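Participant: Mapping of the sequence shown onto UniProt numbering: residues 1 to 374, in sequence order.
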Amino acid sequence: MRPCATWPTRASSGLVAEDPYRRTVCRVGLDGSGFAKVTDDELDHIVTLSDTMDYFIDSASTVDTPPVTRVRDWTGRVLVELERADIGKLIATGWTPPERFRVKAADGVTDIYGVLYHPHGFDPAQRYAVVDNIYPGPQTNRIDPGFDPGGMGLDAEPLAALGFVVVAVDGRGTPGRSKAFHDASYGHLADAGCLADHVAALRQLAETRPWMDLDRVGAFGHSGGGFATVRAMLDFPEVYKAGVALSGSHEARSFSLDFVEAYDGADNPEAWARASNVDLADRLAGKLLLVHGEMDDRVHPDHTLRLADRLIAADKDFELLIVPGAEHTFIDNLAYVRKRGWDFLVRELMGMQPPTYRPAPITIDPALLAELFA
1 MRPCATWPTR ASSGLVAEDP YRRTVCRVGL DGSGFAKVTD DELDHIVTLS
51 DTMDYFIDSA STVDTPPVTR VRDWTGRVLV ELERADIGKL IATGWTPPER
101 FRVKAADGVT DIYGVLYHPH GFDPAQRYAV VDNIYPGPQT NRIDPGFDPG
151 GMGLDAEPLA ALGFVVVAVD GRGTPGRSKA FHDASYGHLA DAGCLADHVA
201 ALRQLAETRP WMDLDRVGAF GHSGGGFATV RAMLDFPEVY KAGVALSGSH
251 EARSFSLDFV EAYDGADNPE AWARASNVDL ADRLAGKLLL VHGEMDDRVH
301 PDHTLRLADR LIAADKDFEL LIVPGAEHTF IDNLAYVRKR GWDFLVRELM
351 GMQPPTYRPA PITIDPALLA ELFA
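1. Just verifying my parser: in three-state terms, what is the DSSP assignment at residue 158?
2. Between which two residues does the alpha helix (DSSP H) carrying residue 292 extend?
3. Just to confirm, is the Cβ distance from residue 200 to residue 219 under 7 Å?
4. Where does residue 181 fall in DSSP's three states?
5. Is the segment 279 to 286 in contact with the segment 329 to 339, if contact means three or more CB pairs nearer than 8 Å?
6. Using alpha carbons as the reference points, say which of 345, 146, 228, 23 lies closest to residue 164.
7. Three or more beta-carbon pairs under 8 Å between the segment 148 to 156 and the segment 232 to 243, yes or no?
8. Could you have a look at residue 246 and say whether DSSP puts it in helix, strand or coil?
9. What would DSSP say about residue 320, mapped onto helix, strand or coil?
10. When we look at the beta-carbon of residue 368 and count the other beta-carbons within 10 Å, is it buried (16 or more) or exposed?
11. So, at 8 Å on beta carbons, what are the nonlocal neighbours of residue 86 in its own chain, with the 5 sequence-adjacent residues on each side left out?
12. Would residue 6 be called buried (16 or more neighbouring beta carbons within 10 Å of its own) or exposed?
13. Are the CB atoms of residue 21 and residue 173 within a distance shorter than 7 Å?
14. Quick one: Cα of residue 276 to Cα of residue 333, how far?
15. So, under 8 Å CB-CB, residue 39 and residue 58 are touching, yes? Tell me the CB distance rounded to an integer number of Å.
16. In the DSSP assignment, the alpha helix (DSSP H) including residue 369 goes from what residue to what residue?
17. Nearest to residue 321 by alpha carbon, out of 294, 280, 356?
18. Taking 8 Å as the cut-off, does the segment 205 to 217 touch the segment 116 to 129 (at least 3 CB pairs, one atom from each stretch)?
19. What number of angstroms, rounded off, separates the C-alpha of residue 429 from the C-alpha of residue 112?
20. Output needed for residue 68: all residues of its chain with C-beta closer than 6 Å, excluding positions within five of it in sequence on either side, in chain order.
21. Determine the extent of the beta strand (DSSP E) in which residue 60 is found, giving its start and end residues.
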């Protein structure tokens, strides 16, 4: 028997009024008739189909509601409940669920959504430094609407545990909404997922959350998020005072054309030039840590080295870490690299030495690793 297949349901998002990113399971005939919701609630649903397609496994949650996993038929009837996630041990560590929010984009009209993580031991009488945990897309979202934050949320919880307010935003130009919303990124990769929307979100959130200290805002991102982190510091130096950029794609003119041309168009050197952090290096004012793997097979280390070269030419202070033998995701050095980034923000935004800690080692089954990279 073949294994079950994970079936994406993103095409069925937009049916929950409270949150347009939450996914609903639906059915419809091939001729477009008979459309019906199979799940009809306020939760986000991730589906795994049975081999026969007679039933599916449904994991339903929100960012603050732990998942319940059930087997359903195509009427939505629950055949069996498999599991309810127990988060008791998680809460015992000091964890609190993140807060889903909706604010206005920089245009003052468009609704945008995000997630806010409270620092561990949160005290509303205190003031907290803020980290914008960025990924700009435009091919994917930064935030998952379910309980599992996904790979993009790898750094949010540790940063919150270190005492930061962590914010993640999906600005205009990211997917999962209308075509017009996504098209805002076309020809505008330089806007890095509409960083103006990120700034607008931070300011609106702070209006009702006085414990957010907007004089101490930093950014943290990987890959496209590394590009966006640096671009945030270059375009909005009055907002972003520190940043950690991992494996950043800082130079569109030497990046994968399949990606650049898909969003900035073919034969568009003006747009490609606008999406270069290298050309704007002399704008840097804040504290920056650049990290890249020596053997990065997705974003060539040349991106970070070119940026570093231009920063040196502009007499800018920054820190640089090249990880020998590491590929794009630092899979063999993940704990070390991430900790270096988190600790950098503790020093630069909190003005203190980071606590002495070591992330627990992550053991990955070699067979699973081979399957993932097959």
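Backbone N, C-alpha and C fix where the C-beta goes; we use that ideal spot for every residue, glycine too. None of these values were measured; they are calculated from a predicted model.
Facilitator: Once the coordinates are examined:
1. helix
2. No alpha helix (DSSP H) holds residue 292; the beta strand (DSSP E) holding it covers 287 to 293.
3. no
4. helix
5. no
6. 345
7. no
8. strand
9. strand
10. exposed
11. 66
12. At residue 6 the pLDDT is 43, less than 50, meaning the model places this residue with poor confidence and gives no usable figure here.
13. no
14. 28 Å
15. 7 Å
16. 366 to 372
17. 294
18. yes
19. Coverage of the chain is limited to positions 1 through 374, which leaves residue 429 absent and any answer about it impossible.
20. 60, 84
21. 56 to 62
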